[in-house]
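Notes follow the structure.
Numbering (this note's numbering), first residue to last: 83 to 445.
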């Protein structure tokens, strides 16, 4: 998690960009040693994020939570985890749920301050970090599964659980060392929950942050993009003359990949530009820094939107899961009532036939 709004708010607080003077001073200020980036201290980034982000985060939480719970319901109750794809979709939905579960806390913190304590700070941001990487890795796993199932005509369901466990382990591992340094800190009567590295003269804060951004770019975008591109190019090469139903399936999964990277690539690019600024390879003027921070806020919010898009692609567009959804809805009390209202003659005839058949069976 690398929320630019939290970082800029923290920098502003540590440099007196607030009206109130701090009543208490922490024993060690993580930002006192930013001697190599003094130009940022003169910037007051504003509170655009405080006005817009809580609304977006709340919307993403409601839509993403309901949509992904719907995916879990359909995959478990109707599809019954019959294939490797079902297992991947289930775990992808669980990863999305991890992400959206952190959004209410972040929405409150953006508008005001962190009031949930140091333990919850670590838990919430760690959950976000694991969810972020697990979503990416499960989409990569889906591309591998599609290659095995379509090209080699093998359904690798027996390896689904094992592969999912491995993916979760990799996702947790990829979240280090950040998960060890999520904590709260006090600045000018406000509590900030963010990533605070134990800096020193030999290890300045920005070197840690640059490493974190590069790690996100490499294992969160570049490597997954290479793997997905490789497997889907092999699929398309072998099945250019495949049946239309199989072609539709391939096109659907490719669409899922394109939508995902359209959501996450802009944030990775903006973060990389931030690295160039921190390394002073490009302009570090106040206006340019404000523009980068604003772009990071916008693209980060765009990245969160994929948690709402995935359920739509999997449940409402894909024919298999749409049929499962309709079947489950008809089994609910509301669905049965709606069926009876739409088919009164059929429903009445069914009851009447049962009543007229019973005497004959007795006789």
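Note that the Cβ used here is the ideal one computed from N, Cα and C, for glycine as well. Only a predicted model underlies this, so the values are computations on that prediction, with no experimental measurement involved.
Three-state class that DSSP yields for residue i in the structure shown
i	result
residue 363	coil
residue 197	coil
residue 268	strand
residue 410	helix
residue 163	coil
residue 258	coil
residue 103	Note on residue 103: pLDDT 38, under 50, position unreliable in the model; no value is reported.
residue 387	coil
Whole-Å CB distance - residue i paired with residue j, under 8 angstroms assumed
i	j	result
residue 208	residue 269	So it is not a contact: roughly 22 angstroms between Cβ atoms.
residue 149	residue 393	3 angstroms
residue 158	residue 227	Actually they are not in contact, since the Cβ atoms of residue 158 and residue 227 sit about 18 angstroms apart, beyond 8 angstroms.
residue 276	residue 350	About 20 angstroms separates the two Cβ atoms, so there is no contact after all.
residue 317	residue 233	6 angstroms
residue 217	residue 177	4 angstroms
Cα-Cα separation between residue i and residue j, rounded to whole angstroms
i	j	result
residue 47	residue 196	No statement about residue 47 is possible, as the shown extent of the chain runs from 83 to 445 and does not include it.
residue 211	residue 179	12 angstroms
residue 346	residue 142	15 angstroms
residue 245	residue 362	42 angstroms
residue 229	residue 314	7 angstroms
residue 272	residue 191	11 angstroms
residue 374	residue 165	44 angstroms
residue 319	residue 199	54 angstroms
residue 152	residue 379	29 angstroms
residue 312	residue 193	43 angstroms
residue 334	residue 355	32 angstroms
residue 274	residue 371	21 angstroms
residue 173	residue 135	27 angstroms
residue 364	residue 297	21 angstroms
residue 453	residue 186	The chain is shown only over 83 to 445; residue 453 falls outside these bounds and no answer can be derived.
residue 301	residue 215	8 angstroms
Beta-carbon proximity check, residue i vs residue j, cutoff 7 angstroms
i	j	result
residue 249	residue 220	yes
residue 132	residue 154	no
residue 145	residue 403	no
residue 189	residue 139	yes
residue 377	residue 352	yes
residue 278	residue 267	yes
residue 206	residue 184	yes
residue 254	residue 295	no
residue 308	residue 225	no
residue 292	residue 360	yes
residue 341	residue 305	no
residue 337	residue 181	no
According to DSSP, residues forming a beta bridge with residue i
i	result
residue 276	265
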